[in-house]
Structure formats: C-alpha cells, structure tokens
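For what it's worth, numbering that gives the first Met the number 0 labels the leading residue of the sequence shown as 0, then goes sequentially.
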Amino acid sequence: MTRSLEPGAKAPGFSIETTLGTKQLASFRGKHLILYFYPKDDTPGCTSEAKDFSDLAEQFEAANASILGVSRDSLIRHQKFAQKHGLQIELGSDESGSVCEAYGVWVEKNLYGRTYMGIARSTFLIDPKGILTRIWPKVRVKGHAQDVLDSLNV
0 MTRSLEPGAK APGFSIETTL GTKQLASFRG KHLILYFYPK DDTPGCTSEA KDFSDLAEQF
60 EAANASILGV SRDSLIRHQK FAQKHGLQIE LGSDESGSVC EAYGVWVEKN LYGRTYMGIA
120 RSTFLIDPKG ILTRIWPKVR VKGHAQDVLD SLNV
C-alpha cells in the first residue's frame, strides 16, 4: 500500500458521492464505519463481497455500524450494480481516486505479466470518533463480511 495507515490513527477525511447522496467521513460520526474498497462493480469477487455485506446489513446496523463500499466506478454504474443484485449497502464513487489514494489502496498490480494500477481489496473499520480500529489489507472475500461483523461484537 502506498500509504501506511495504522490502527489507532485518525482516519483520513473524505467527501464522496454515494448511492445515498454526498457523504463525508463526518457523516458517519457516532457510528462505526466499515469502509471497504473493491476493484470493480459486477465482477465475481466484488459481487460476492457486496452481497455478503448486504446479507449482514441488518446485523451491522444492530451493531451501530454503517457500510460504505468504494470503487472508482461511476455512480450510475453503482446504481445499476446495486439494483441488479438487490444490494442493501451504500456504494461510493471515487472516480478521481482521491479517497483510494488517501487510504493507500491505489496500488500497482500485476496480472499475467501485465502491470497496471488498481484498487487493492481492503477494509477499514473506523470507530464512532473517526479513529481506525482495524485494517484488513489484501482481503479474501469468502467469510470476510462475517469476520468484520465478528470484530464489532468482540
């Protein structure tokens, strides 16, 4: 990751267009925020991750937590993605890449010998006061949403 964020640090502020309107980090004050970054709407891993978080949305809400999934896809693409899969979570469009840069998830990737820039699938748990409490770099999708929920209930 290009930027080293550690638990206990203040979460980088942001302003982002989401499927529920413009939000800032301060919009989530008083609740835990699960801020997860994913590469692209409607790809197998990203769809599974979004559906897993959606399936647990009520339990996250009961644990005083909001979920915000972020990629560089457009807001229109997010809306189509959410509608197609019946997602129950908020998605943020970071077309400029500024939020990805602030959280250090815009990285060089390598696929079949081709090098390119992309989002490293990562999740950040931010407490109600805006402090990073846990970071999951290089997320493996299977079981991840449940793991994040379990970390709230510890």
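Each residue gets a CB set at the ideal place from its N, CA and C atoms; glycine is no exception.
Contact the region 127-146 vs the region 46-60: 3+ CB pairs below 8 Å: Touching, yes.
query: Smallest Cα separation from Ser121: which of Leu110, Arg113, Trp135 and Thr114?
result: If you compare the alpha carbons of Leu110, Arg113, Trp135 and Thr114 with that of Ser121, the shortest gap goes to Trp135.
field: Within 7 Å, strictly: CB atoms of Val147 and Ile33
entry: Contact flag set, yes.
- prompt: When the Cα atoms are used, what is the spatial distance from Arg76 to Thr114?
  reply: If I take the Cα positions, the gap works out to 25 Å.
task: Kindly list the residues whose CB is nearer than 6 Å to the CB of Asp41, restricted to its own chain and excluding five residues on each side of it in sequence; keep chain order.
output: Sequence-distant Cβ neighbours of Asp41 in its own chain, meaning closer than 6 Å and more than five residues away, are Phe80.
field: Where Glu5 falls: helix, strand or coil (DSSP)
entry: Residue state, collapsed to three classes: coil.
message: Let's test the definition: count the other Cβ atoms within 10 Å of the Cβ of Glu60 and tell me whether it reaches 16, buried, or not, exposed.
response: Glu60 comes out exposed.
- prompt: In this structure, what does DSSP give as the bridge partners for Phe36?
  reply: Answer by DSSP bridge pairing, in chain order: Val69 and Ser121.
- prompt: Which residues mark the beginning and the end of the beta strand (DSSP E) in which Lys22 is found?
  reply: Element bounds for Lys22: Gly20 to Gln23.
task: Rounded to whole angstroms, what's the CA-CA distance from Leu151 to Pro11? Just pull it up for me.
output: Straight-line Cα distance between these residues: approximately 21 Å.
- prompt: According to DSSP, is Arg139 helix, strand or coil?
  reply: Judged by DSSP in its simplified three-state form, Arg139 adopts coil rather than helix or strand.
message: I need the DSSP call for Arg28, collapsed to helix, strand or coil.
response: In this structure, Arg28 counts as coil in the three-state DSSP scheme.
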